[in-house]
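Asks:
In our numbering, the protein residues as written are -17 to 99.
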């Protein structure tokens, strides 16, 4: 009985083995996939300590960056007074200043003219 089971198992496995050997394209793709996986694992293994160091450096630099942002925010406060730069076809760059709209005096709403249809 054991011999019959062994013969049946071997006969079923032989076509699968033959199919793997006949398809060199699939074998090549499998090797490429395995190689790229190993390459990525190696890179991550080497870069993990560096990434940890960068995270620590970022935590150390946070107060300095916050102070820098506060100082630069004061220096560039007037940038909101200008429209984005425009580049003309001849290469000139125009910086237009935003016009301040006069505020109506008092709490009166401006009178709107009726719309004629």
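Just so it is clear, CB atoms sit at the ideal spot from N, CA and C, and this is done for glycine as well.
Would residue 102 pass as a contact of residue 82 if the rule is Cβ separation under 8 Å?
Replies: Outside the modelled stretch of the chain, which goes from -17 to 99, sits residue 102, for which no answer is possible.
Asks: At which residues does the alpha helix (DSSP H) containing residue 6 begin and terminate?
Replies: 6 to 57
Asks: Could you compute how far the alpha carbon of residue 33 sits from the alpha carbon of residue 6?
Replies: Approximately 39 Å between the Cα atoms of the pair.
Asks: Identify every residue that forms a DSSP beta bridge with residue 68.
Replies: 76
Asks: Can you give me the C-alpha to C-alpha distance between residue 15 and residue 26, rounded to a whole angstrom?
Replies: 17 Å
Asks: Do you know how far the Cα of residue 58 is from the Cα of residue 48?
Replies: 15 Å
Asks: Can you tell me which of the three DSSP states residue 61 falls into?
Replies: helix
Asks: Would you tell me roughly how many angstroms separate the C-alpha atoms of residue 24 and residue 70, rounded to the nearest one?
Replies: Taking the straight line from one Cα to the other gives about 51 Å.
Asks: Quick one: measure Cβ to Cβ for residue 67 and residue 54, integer angstroms, because I've assumed they're closer than 8 Å.
Replies: Actually they are not in contact, since the Cβ atoms of residue 67 and residue 54 sit about 19 Å apart, beyond 8 Å.
Asks: For residue 61 and residue 51, what's the separation of their Cα atoms in angstroms?
Replies: The straight-line gap from Cα to Cα measures roughly 15 Å.
Asks: Would you report the Cα separation of residue 9 and residue 74, rounded to the nearest angstrom?
Replies: 60 Å
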